Every structure is written in structure tokens, then in C-alpha cells.
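When you line the sequence shown up against full-length UniProt numbering, it's residues 1 to 66, in that order. The structure under discussion appears below in the form of C-alpha cells.
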Amino acid sequence: MTEREFYISIVPEVAEIVLHLKRLPKEDQEQIKEEMMNACADRPAAQKFMEKLWITIGSCLKEGAV
């Protein structure tokens, strides 16, 4: 499975994360982001993917998407 295929396969879960994060204060959103990033800090490929994922999540939070 390519990274793109994987990303497409998790779109529903990402949408749920965005909806959950929208209900939280900015500080809690940042804490969750930090925890998710730290969870994969020892795996460079996962860390890079998580960074890309948070670009998408951040964009959705700013634009009011989903």
C-alpha cells in the first residue's frame, strides 16, 4: 500500500479527529498534536507522515472544513 492509498483509507478517521478537535480549546488541540507527534518520534517515516497529517488537520481546523 502506498502512502497515498493509506492516507485515503484513513480519511474517515481523520474527519472524526477534526470534529473532535473542533470541540476542544486550542490548548487541548495542541496537547493532542504534541502527544501524537511524540508517539512516533522514534520512527522517522511515521513522524514524517504524522507531520503531513497535521498539516491537513490544521488546515481543516482553520478553514472550518468537514
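For every residue, glycine included, the Cβ atom is placed at its ideal position computed from N, Cα and C. Keep in mind that this is a model prediction, so the values were computed, not measured.
Inset, instruction - Go through its chain and collect everything with a Cβ distance to residue 11's Cβ below 7 Å, but skip five positions before and after it. - result: Around residue 11: no qualifying Cβ.
Legend entry - Identity of the residue in 24, 8, 27 nearest residue 56 by Cα: Looking at the Cα atoms, 8 is the closest of the given residues.
Inset, instruction - Pick helix, strand or coil for residue 61, following the three-state DSSP scheme. - result: In the structure shown, residue 61 sits in a helix (DSSP, three-state: H, G or I).
Inset, instruction - Output the distance between the C-alpha atoms of residue 68 and residue 5, rounded to the nearest integer angstrom. - result: Because the chain spans 1 through 66 in this model, residue 68 falls outside it and cannot be assessed.
Legend entry - residue 128 versus 34, 22, 36, residue with shortest Cα-Cα distance: Any property of residue 128 remains undetermined from this structure, which presents the chain solely from 1 to 66.
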